[in-house]
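Residue numbers (this note's numbering): 626 to 1028.
The beta carbon of each residue, even a glycine, is placed where N, CA and C say it ideally should be.
Here's the structure, in structure tokens; my notes come after.
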């Protein structure tokens, strides 16, 4: 991140990295944490991927090729049709590590090695920050228990289970391809709640808020959070081509970091200081009674809370009409406890805010969604969701606790 010491650093898109809701010690980094190469089912050369993402203006990038059944093999026959089926082997894993280490440039660009645990029915899970990897063949079960047990054992043996020192992971394209069983119904595994740091709400160009709802299933957002998981909300390109980081309109993640290093990114993910978007150069931040997005908020009982919103995308967005919705638990689509229109403020303008009455016994979580009424809503949208238009971004949840 060039210019970390400056008071008002700008990103590659002309947007200030400094949220108006937090101190300048935490700056916005643009990240894409889910990408593929021909080491699994992508078509691009892994040696070119990190450079492509850095040139595209990303600050943080991960390669997460599929792990399917070759984790116990040193060197699968290196043909595309084989690796497309088998996923990475030990040599590919080592190669990804060498490429990430060579591309990592602390203070300027963070390169991360990860993998995508890829079960054809239970779902796909990205894992970052581990020294080893595993595949569904070696953690086979009727649910994800054996995988979660493996995840809980990763990292420093002295670290407490679920601590930031261990591997972090995300629920990928929930309810979509390779996910018929939707992570065994998002069955909760308490030992790894802290490590399951992400839920993809944007994957490629798709908004997963609506996934499965037409068929009668609850929104993955509702299903995941109601089960007790506490992920941050992220967007990813899930790139399988050769233009990593370059296309407009694909998912990406905003990360609030204290510096551009793997450790700082890990801390931000572990603390859920992230938001999901499909727009390059967007900054979103939000607080609930001063608590940043991604926080647990303890309330004595029913209370009125104030949510403030910081959103920016450079000068061309000043005054742009947008909509915000505060989402919570619902039957299929999330319940909406508040909705309001606002104009993107300038640097000296008051921040948009909304006050709402909540009861933590009835409202276990809140998610801020920002949308653009001028852009067409998702084809699956109905009712007021049509009026609110296309999703711009999702902030990580607040979890409301009584006491």
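Close CB contacts of residue 968 within its chain, under the 7 angstroms cut and outside five residues either way in sequence, are with 944, 945, 946 (chain order). For the 8 angstroms CB-CB criterion, residue 905 and residue 863 do not form a contact. The Cβ-Cβ distance between residue 879 and residue 907 falls below 8 angstroms.
Taking every protein chain shown into account, the CB of residue 799 has 16 or more other CB atoms within 10 angstroms, so this residue is buried. Under the three-pair Cβ rule at 8 angstroms, the segment 822–837 counts as touching the segment 1004–1022. Check the Cα spacing between residue 779 and each of 977, 989, 819: the tightest is with 819. Residue range 877–882 is occupied by the beta strand (DSSP E) that includes residue 879. Judged by their CB atoms, residue 899 and residue 936 are not nearer to each other than the 8 angstroms cut-off. Taking residue 650 as reference, the option from 997, 731, 917, 883 with the minimal CA-CA separation is 883. DSSP links residue 744 through a beta bridge to 748. Residue environment: residue 1004 is assigned as exposed (fewer than 16 neighbouring CB atoms within 10 Å of its CB, all protein chains considered). Within the same chain, 822, 823, 894, 897, 899, 919, 1021 come within 7 angstroms of residue 857 by CB-CB distance, once the 5 residues on both sides are set aside.
The count of Cβ pairs closer than 8 angstroms, one atom from the segment 971–979 and one from the segment 1001–1015, stays below three, leaving the stretches out of contact. In the three-state scheme derived from DSSP, where H, G and I count as helix and E and B as strand, residue 1010 is classed as helix. Here residue 813 has 852, 853 as same chain residues with Cβ atoms under 6 angstroms from its own Cβ, once five neighbours each way along the sequence are excluded. In the assembly as shown, residue 669 is a buried residue. Its beta-carbon has 16 or more other beta-carbons within 10 Å.
In this structure, 1026 is the residue among 1026, 733, 998 with its C-alpha nearest to the C-alpha of residue 991. Per DSSP, the continuous alpha helix (DSSP H) segment holding residue 724 begins and ends at 715–728. Sequence-distant partners of residue 755 (beyond 5 residues in either direction) whose C-beta falls short of 6 angstroms from its own C-beta, in its chain, are 779, 792. If only complete runs of 4 or more residues are kept, the segment 802–826 shows the alpha helix (DSSP H) at 807–811, in order along the chain. Residue pairing for residue 966: DSSP places it in a beta bridge opposite 948. Cβ atoms of residue 655 and residue 1012 stay farther apart than 8 angstroms, at about 30 angstroms. For residue 902, there is no enclosing alpha helix (DSSP H); the residue is found in the beta strand (DSSP E) stretching over 899–902.
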